[in-house]
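Report on the following structure.
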Amino acid sequence: MDREQLHGTRMLQREAQLPSDRSKEQQRINLELGLPSAASINDRTIPLFNRSGWRFSNSGTFAGRPFLADMRELGGQDVAVIGVPFDGGTTFRSGTRFGPGAMRTISGLGSGYNFERGIDLQESLEIVDVGDVTVIPANIEKTFDQIDKAVAYLHERAVFPVILGGDHSIGYPDVRGLAPYVDGNVGIIHFDRHSDLSEYNLDERMHGTPFFHATNIPNAPATNLVQIGIGGWTGSRGGVRVARERRATVITITDIDRWGLERVAEMALEIAWKDAKAVFLSFDVDSIDPGFAPGTGTPESGGLLPREAFRMLDIVTREGLAGLEVVEVAPPYDVGDATSLLGVRVINDVLGTLVEAGKLGRRPDETDKSEPAVEGERDQTEPAGG
Ligand SMILES: [Mn+2]
Numbered sequence: 174m175d176r177e178q179l180h181g182t183r184m185l186q187r188e189a190q191l192p193s194d195r196s197k198e199q200q201r202i203n204l205e206l207g208l209p210s211a212a213s214i215n216d217r218t219i220p221l222f223n224r225s226g227w228r229f230s231n232s233g234t235f236a237g238r239p240f241l242a243d244m245r246e247l248g249g250q251d252v253a254v255i256g257v258p259f260d261g262g263t264t265f266r267s268g269t270r271f272g273p274g275a276m277r278t279i280s281g282l283g284s285g286y287n288f289e290r291g292i293d294l295q296e297s298l299e300i301v302d303v304g305d306v307t308v309i310p311a312n313i314e315k316t317f318d319q320i321d322k323a324v325a326y327l328h329e330r331a332v333f334p335v336i337l338g339g340d341h342s343i344g345y346p347d348v349r350g351l352a353p354y355v356d357g358n359v360g361i362i363h364f365d366r367h368s369d370l371s372e373y374n375l376d377e378r379m380h381g382t383p384f385f386h387a388t389n390i391p392n393a394p395a396t397n398l399v400q401i402g403i404g405g406w407t408g409s410r411g412g413v414r415v416a417r418e419r420r421a422t423v424i425t426i427t428d429i430d431r432w433g434l435e436r437v438a439e440m441a442l443e444i445a446w447k448d449a450k451a452v453f454l455s456f457d458v459d460s461i462d463p464g465f466a467p468g469t470g471t472p473e474s475g476g477l478l479p480r481e482a483f484r485m486l487d488i489v490t491r492e493g494l495a496g497l498e499v500v501e502v503a504p505p506y507d508v509g510d511a512t513s514l515l516g517v518r519v520i521n522d523v524l525g526t527l528v529e530a531g532k533l534g535r536r537p538d539e540t541d542k543s544e545p546a547v548e549g550e551r552d553q554t555e556p557a558g559g
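Encoded structure:
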């Protein structure tokens with residue numbers, strides 16, 4: 174093996190092929206709006222007032238992307254990030270109402286560029302943060318109606334939704350808002366330690382119930398539901414009967430160990446897409462081992478390692494998705510923002526795969542022909558690594 178065979182070497186070359194026109198235009202606008210910096214600043218692309226939204230200048234939006242104040246202007250963007258700060262469906266430890274805020278804050282750590290993947294999301298996707306759905310904290314059903322209507326609006330305007338939970342009860346209205354916009358069946362790929370297939374928890378449709386109700390939707394059959402990572406001692410027995418009777422597919426950690434990660438992920442992809450027109454991805458952060466993701470309400474040891482989850486996500490999302498939710502991030506139990514950061518990582522990875530697969534935005538090598546990339550030029554206001 175030599176240096177030329179390294180993935181790292183290929184990615185060194187790849188970076189030179191990535192477009193940079195959007196970053197440069199943003200830099201120009203930031204400088205214009207942020208005014209010229211103090212005379213002692215040598216890099217004259219650095220503005221006086223930080224407009225980048227990166228790092229500790231995070232404006233409160235996801236990855237510092239623009240906040241879309243006027244929802245009538247939604248349409249034409251690639252991705253809308255939407256928060257659902259609801260934890261009224263929690264059956265034990267609450268706190269996921271702070272999930273959207275925590276994920277938005279820590280998302281400022283990233284630049285949108287990933288060396289290993291050779292992707293710059295800033296260049297490939299137009300992302301807006303549309304803020305939060307107004308939830309009704311003491312009323313699950315009214316909150317579901319709000320989420321359903323908000324998510325449906327995104328689908329109506331053909332903008333890919335990234336939904337920041339919130340507890341997992343929101344999985345049901347997230348699918349309910351999508352289903353009418355799919356001309357055929359919807360498959361669901363569901364990462365979780367818990368099957369979430371009970372009809373009710375404590376007489377209500379809480380966070381252990383979303384996929385019972387989602388798979389009651391006529392074009393979201395349970396035969397297209399694939400659950401990955403189920404196991405441990407905190408799940409409910411009632412949901413097992415539902416999965417058996419409705420013929421949902423359940424992939425355990427034991428399956429992953431026995432059959433190998435690639436094989437089960439390929440199988441999940443195939444089943445979710447069988448006779449379906451769209452697939453929705455529901456990612457419960459408790460599918461990852463609590464050693465890596467402690468900030469969640471119902472932790473269960475022996476879960477996926479982050480790298481396992483990333484590799485599986487890469488496989489199960491490459492045929493495209495109709496939407497993504499990341500749920501159960503509960504910042505009150507988090508340590509060093511590790512869990513929020515994992516949630517953000519899942520979002521960035523999924524978006525990166527969709528871009529790479531040509532399913533969303535512009536592909537990494539699609540340089541704007543009118544403005545060819547100039548070798549050696551760099552965006553000097555991008556945050557330093559570290
Ligand atoms: Mn769970």
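The working numbering puts the first residue of the sequence shown at 174, with every later residue one more than the last.
C-beta atoms are modelled at their ideal positions from N, C-alpha and C, and glycine is treated no differently.
- In the DSSP assignment, F333 falls within the beta strand (DSSP E) that extends over 333 to 338.
- The beta-carbon separation of I488 and L442, rounded to 6 Å, stays under the 8 Å limit for a contact.
- Spatial neighbours of T234 in its own chain (CB-CB distance under 7 Å, excluding positions within 5 residues in sequence) are listed in chain order as G226, F240, R277, D302.
- Near ligand 1, meaning a Cβ closer than 5 Å to any of its heavy atoms, lie the following residues in chain order: D365, H367, D457, D459.
- A contact between stretches requires three or more CB pairs, one per stretch, nearer than 8 Å, and the stretch 323 to 332 fails this requirement with the stretch 405 to 416.
- Under the three-pair Cβ rule at 8 Å, the stretch 353 to 367 does not count as touching the stretch 314 to 322.
- By the neighbour-count definition (other C-beta atoms within 10 Å, threshold 16), Q186 is an exposed residue.
- In the structure shown, P239 adopts coil according to DSSP, grouped into three states.
- DSSP links G360 through a beta bridge to V452.
- In the DSSP assignment, D428 falls within the unbroken alpha helix (DSSP H) covering 426 to 432.
- Per the coordinates, the alpha-carbon of T427 lies some 49 Å from the alpha-carbon of Q200.
- Under DSSP, V528 takes part in no beta bridge, so it has no partner.
- Note on F384: 16 or more other CB atoms within 10 angstroms of its CB, so buried under the neighbour-count rule.
- DSSP, read as helix, strand or coil, puts N223 in coil.
- When C-alpha distances from G534 are compared across Q295, E377, F483, the shortest belongs to Q295.
- Annotated three-state conformation of A421 is coil, per DSSP.
- Shown here for R290: same chain residues with a beta carbon closer than 6 Å to its own, the five before and five after excluded, namely G525 in chain order.
- R378 and V508 have their alpha carbons spaced roughly 30 Å apart.
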